[in-house]
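Let me begin by presenting the structure, written as structure tokens, before commenting on it.
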DNA sequence: ACATTTCTTGAAACCGGTTACATAGAAGTG
DNA sequence: CACTTCTATGTAACCGGTTTCAAGAAATGT
């Protein structure tokens, strides 16, 4: 592999001059610069980024640490991150922590010296452990973590508001007995969505305690919940699943059982996965802009890198309701462009 | 940021000893090792990977250069790559070339010194340009590129065989006039699929030239093709789309027009995206294991890294037919476990 | 007891770049 | 023409690790 010394020797100059010529410094004669660039091209010289990042105290790369690389959520998130990172000329270093807190620590350690900043979507564990393993001086933004407490800026979807808004929309469309298919108990998003649902139900002061069915975000869990409802002959006129996959599973079973959706039972999900538009009827859901969240996190990190010592804010992105065929049609498509939401969106662009 | 010299000083030893103690060399006293690890823990020492990769001539990371980061294809691919990479203790460095050949070059250059090997999914351009920009000594595997010619190992889906098999299955189920919705002309996969379709049609010696409709892999293109068929009143008893999204778009329009699928017109796609199981009727398609392809590519790269100087083979992964509701039910699910296919799969594990 | 081998440790070189400082020659000034 | 200022280039130090080599200490053999 050719080094800058090879280039310098071939061009008949010192390494210092070669370095300056290649990096476009002004204090180098045109003739010399030409010789150096020619030599570099001839030898197919590519600078060694590791060595480079050692002297300049930066690597022009940022690390992204995710709990998993599965499915569309991840894909969208990375897409949003990449869009902003690419504009800023930054490379992306991806790492999978494979769920465990232990994995998070090793993944983060592996980033030291490779990246200028960190984007972390931590698993649902002890914040103290996370902070302990964070490189002290490395700019960091947390994704989807309620981290106001631990003094690190973060970006998250407002799951609570989204779930609450959907529940209120179902109530407004005339539903009385709404069942919620919950997500995994150890999942932050799921807990927040549940909380939003419960609070909305409390609001209307239903004498019944809100009906909550267990789930784990899988299609099968949604199907199982639907079977429970049918078999138990539970009086329910709407099902609000904590994510779209469960809603899809639920919808299929209800339909197969001959239950009319939305007239007998309305169905709603959360996430607005691409599939949601293609079920029959099309699934009403809460639209979350994952890519926007990634972009927002990256923008926040960029600001930190540029030295803005911004406070450890927690940016909450507002989701929007997408009312489609599985809920009755009082309103076709209802958005909630609150002033705050609008401002948020503008900041991203 | 604390360095190994800080650790050495705190532990009262030289940097050499500190390095040895931390890297688990045997020739260091237990007492000294303890002092060093204690000091490292106390100072929250994390080694600088850049400096590390400079002396050891490796970085324990591999670069993945992709044409885009959009959607599920990418996500699945990275998942497969990560699975194998993680087992081997390797980091993943992702880069988006943003479609252009120019972008490919810069992305690849940025990898120099950061990675021990390269996984590239090149855009559909001149192979010579690609080779010219490849670091000479860096182990590389190409993904989805017919690169037997340019002396670099590669892994690809056998789009030709898959398309041919599906077309033959449609013919076998009694369809006579099959229309193909083609993908973008500048897309390799699309061209191969078209070729498979055409060859299969030639085989049966139809007097008509095979009916080919233009498309661009989008849902709307599929819908447009369906409208064309309906409006033109074309005598067609099957539509084979070059990917699932077009098949989905086509299916929706046909169904809305009151055409019975599969009895009047059968529909088939390619890819087996998750959505395919959820359309109504469920979409028959060609199942490609993207994740497996990523894993295979990574395995091939690992072999290269371990010094096996394997020949520049082109591994072809065989897809399988998934016959569902949108084709008539002569056979429910037909696999083609050829001897070659079986061997291929075993090699991956 | 002394010679020889083995083991632990430290000093210094090195990986491949960048940059502070020194220097020599060119250009500018009175 | 002698003096200063400026500019292009080279020398060497440095970034933060790893590793070779040498040396001293400890263990072993005779």
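Residue numbers (this note's numbering), protein chains in the order written: chain E, 1422 to 1770; chain W, 1422 to 1770. All C-beta atoms, glycine included, are put in the ideal place defined by N, C-alpha and C.
#1: In chain W, what lies closer than 7 Å to residue 1773 of chain E by C-beta?
#2: For residue 1737 of chain E, which option in E/1644, E/1564 and E/1502 has the closest C-alpha, if you only look at C-alpha atoms?
#3: Do the stretch 1710 to 1723 of chain W and the stretch 1491 to 1511 of chain W make contact, defined as three or more Cβ pairs closer than 8 Å?
#4: Kindly indicate which three-state DSSP category residue 1692 of chain E falls into: helix, strand or coil?
#5: Hey, which unbroken runs of the beta strand (DSSP E) at 3 residues or more fall wholly within the stretch 1666 to 1725 of chain W?
#6: On the premise that residue 1431 of chain W lies in contact with residue 1463 of chain W, defined as a C-beta separation below 8 Å, what is that separation, rounded to the nearest angstrom?
#7: With the cut-off set at 8 Å, would you say residue 1669 of chain W and residue 1676 of chain W are in Cβ contact?
#8: Could you check where the beta strand (DSSP E) with residue 1561 of chain E kicks off and where it finishes?
#9: Going by Cα to Cα distance, which pick from W/1648, W/1478, W/1493 and W/1622 is closest to residue 1593 of chain W?
#10: Measuring straight from C-alpha to C-alpha, what distance separates residue 1487 of chain E and residue 1519 of chain E?
#11: How many Å lie between residue 1521 of chain W and residue 1511 of chain E at the Cα?
#12: Can you pull the DSSP bridge partners for residue 1735 of chain E?
#13: For a quick check, are the C-beta atoms of residue 1634 of chain W and residue 1598 of chain W less than 8 Å apart?
#14: Along chain W, which residues have their Cβ under 8 Å away from the Cβ of residue 1474 of chain E?
#15: Count Cβ pairs between the stretch 1465 to 1481 of chain E and the stretch 1533 to 1542 of chain W that sit closer than 8 Å; are there 3 or more?
#16: Taking Cβ positions, are residue 1577 of chain W and residue 1735 of chain W nearer each other than 8 Å?
#17: Going by beta carbon distance, what residues of the same chain come within less than 8 Å of residue 1554 of chain E, once the five residues before and after it are set aside?
#18: Please return the same chain residues whose Cβ sits closer than 7 Å to the Cβ of residue 1504 of chain E, not counting the five positions on each side in sequence.
#19: With distances taken Cα to Cα, identify the nearest neighbour of residue 1603 of chain E among E/1666, E/1595 and E/1574.
#20: Spatial neighbours of residue 1506 of chain W within its chain, please: C-beta separation below 8 Å, excluding the five flanking residues on both sides.
#21: Tell me whether residue 1516 of chain W sits in a helix, a strand or coil according to DSSP, three-state version.
#22: Quick check on residue 1551 of chain E: does DSSP put it in helix, strand or coil?
#23: Quick check: what's the CA-CA separation for residue 1560 of chain W versus residue 1485 of chain W?
#24: Pairing CB atoms from the stretch 1474 to 1481 of chain W with CB atoms from the stretch 1470 to 1482 of chain E, are three or more of them under 8 Å?
#25: Which whole runs of the beta strand (DSSP E) in the stretch 1578 to 1619 of chain E are 3 residues long or more, in chain order?
#26: From the DSSP secondary-structure annotation, give me the bridge partner or partners of residue 1483 of chain E.
#27: Just verifying my parser: in three-state terms, what is the DSSP assignment at residue 1447 of chain E?
#28: Does chain E have any CB closer than 8 Å to the CB of residue 1436 of chain W?
#29: Report the rounded CA-to-CA distance for residue 1696 of chain W versus residue 1572 of chain W, giving the unit in angstroms.
#30: Mapping DSSP to helix, strand and coil, what is residue 1743 of chain E?
#31: Using a Cβ-Cβ cut-off of less than 7 Å, give me the residues of the stretch 1498 to 1510 of chain E that come near chain W, in sequence order.
#32: Excluding the five sequence neighbours on either side, which residues of its own chain have a C-beta within less than 6 Å of the C-beta of residue 1746 of chain E, listed in chain order?
#33: Applying a beta-carbon distance threshold of less than 9 Å, which residues of chain E neighbour residue 1493 of chain W?
#34: For the alpha helix (DSSP H) containing residue 1495 of chain E, list its first residue and its last residue.
#35: Roughly how many angstroms separate the alpha carbons of residue 1686 of chain W and residue 1657 of chain W, rounded to a whole number?
According to the data block:
#1: Residue 1773 of chain E lies beyond the stretch modelled for chain E, which goes from 1422 to 1770, so this question has no answer here.
#2: Position 316 of the first chain, counted from the start, is the residue given in the question as residue 1737 of chain E. The residue with the shortest Cα to Cα distance from residue 1737 of chain E is E/1564.
#3: yes
#4: Working through the first chain from its first residue, we reach residue 1692 of chain E at position 271. In the structure shown, residue 1692 of chain E sits in a strand (DSSP, three-state: E or B).
#5: 1687 to 1689 and 1706 to 1708
#6: The residue labelled residue 1463 of chain W in the question sits at position 42 within the second chain. The residue labelled residue 1431 of chain W in the question sits at position 10 within the second chain. That belief holds up - the Cβ atoms of residue 1463 of chain W and residue 1431 of chain W are roughly 7 Å apart, short of 8 Å.
#7: Position 248 of the second chain, counted from the first residue, corresponds to residue 1669 of chain W. Position 255 of the second chain, counted from the first residue, corresponds to residue 1676 of chain W. No, the Cβ-Cβ distance between residue 1669 of chain W and residue 1676 of chain W is not below 8 Å.
#8: As a first step, residue 1561 of chain E is located in the first chain; it is residue number 140 there, counting from the start. Run containing residue 1561 of chain E: 1561 to 1564, per the beta strand (DSSP E) assignment.
#9: By one-based count along the second chain, residue 1593 of chain W stands at place 172. Comparing Cα positions, the closest option is W/1622.
#10: Reading the first chain from its first residue, position 66 is the one you call residue 1487 of chain E. Reading the first chain from its first residue, position 98 is the one you call residue 1519 of chain E. So the two alpha carbons sit approximately 8 Å from each other.
#11: Here the question's residue 1521 of chain W lines up with position 100 in the second chain. Here the question's residue 1511 of chain E lines up with position 90 in the first chain. Looking at the two C-alpha atoms, the distance is approximately 17 Å.
#12: Numbered from 1 along the first chain, position 314 holds the residue referred to as residue 1735 of chain E. E/1575.
#13: Within the second chain, the letter at position 213 stands for residue 1634 of chain W. Within the second chain, the letter at position 177 stands for residue 1598 of chain W. No; because the gap between Cβ atoms is not below 8 Å, this pair is not in contact.
#14: On the first chain, position 53 is the one that residue 1474 of chain E refers to. Under the 8 Å cutoff, chain W gives 1471.
#15: yes
#16: Taking the second chain and counting its residues from 1, one reaches residue 1577 of chain W at position 156. Taking the second chain and counting its residues from 1, one reaches residue 1735 of chain W at position 314. In this structure, residue 1735 of chain W lies closer than 8 Å to residue 1577 of chain W by Cβ.
#17: Mapped onto the first chain, residue 1554 of chain E falls at position 133. Closer than 8 Å at Cβ, skipping near neighbours: 1525, 1526, 1529 and 1530.
#18: Numbered from 1 along the first chain, position 83 holds the residue referred to as residue 1504 of chain E. Around residue 1504 of chain E: 1716.
#19: The sequence position of residue 1603 of chain E within the first chain is 182, counting from 1. Checking every option, the nearest Cα to that of residue 1603 of chain E belongs to E/1666.
#20: Taking the second chain and counting its residues from 1, the one referred to as residue 1506 of chain W is at position 85. 1483, 1512, 1513 and 1719.
#21: Counting from 1 along the second chain, the entry for residue 1516 of chain W is found at position 95. In the structure shown, residue 1516 of chain W sits in a strand (DSSP, three-state: E or B).
#22: Indexing the first chain from 1 puts residue 1551 of chain E at position 130. Residue 1551 of chain E: helix per DSSP, three-state reduction.
#23: Here the question's residue 1560 of chain W lines up with position 139 in the second chain. Here the question's residue 1485 of chain W lines up with position 64 in the second chain. Going from the Cα of residue 1560 of chain W to the Cα of residue 1485 of chain W covers about 12 Å.
#24: yes
#25: 1599 to 1602
#26: Position 62 of the first chain, counted from the start, is the residue given in the question as residue 1483 of chain E. Beta-bridge pairing links residue 1483 of chain E to E/1513 and E/1538.
#27: Against the first chain, residue 1447 of chain E aligns to sequence position 26. Residue state, collapsed to three classes: coil.
#28: Counted from its first residue, the second chain places residue 1436 of chain W at position 15. Not an interface residue.
#29: Position 275 of the second chain, counting from 1, holds the residue named residue 1696 of chain W. Position 151 of the second chain, counting from 1, holds the residue named residue 1572 of chain W. If I take the Cα positions, the gap works out to 38 Å.
#30: In the first chain, counting from the first residue as 1, residue 1743 of chain E sits at position 322. The answer is strand: DSSP assigns residue 1743 of chain E an E or B state.
#31: 1499, 1500, 1503 and 1507
#32: For the purposes of this step, residue 1746 of chain E is identified with residue 325 of the first chain, where counting begins at 1. Once the five neighbours on either side are set aside, the close Cβ partners of residue 1746 of chain E are 1702 and 1703.
#33: On the second chain, position 72 is the one that residue 1493 of chain W refers to. Within 9 Å Cβ-Cβ: 1492, 1493, 1496 and 1695.
#34: Numbered from 1 along the first chain, position 74 holds the residue referred to as residue 1495 of chain E. Taken as a continuous stretch (DSSP letters only), the alpha helix (DSSP H) holding residue 1495 of chain E covers 1492 to 1508.
#35: Taking the second chain and counting its residues from 1, one reaches residue 1686 of chain W at position 265. Taking the second chain and counting its residues from 1, one reaches residue 1657 of chain W at position 236. The alpha-carbon atoms of residue 1686 of chain W and residue 1657 of chain W are separated by roughly 7 Å.
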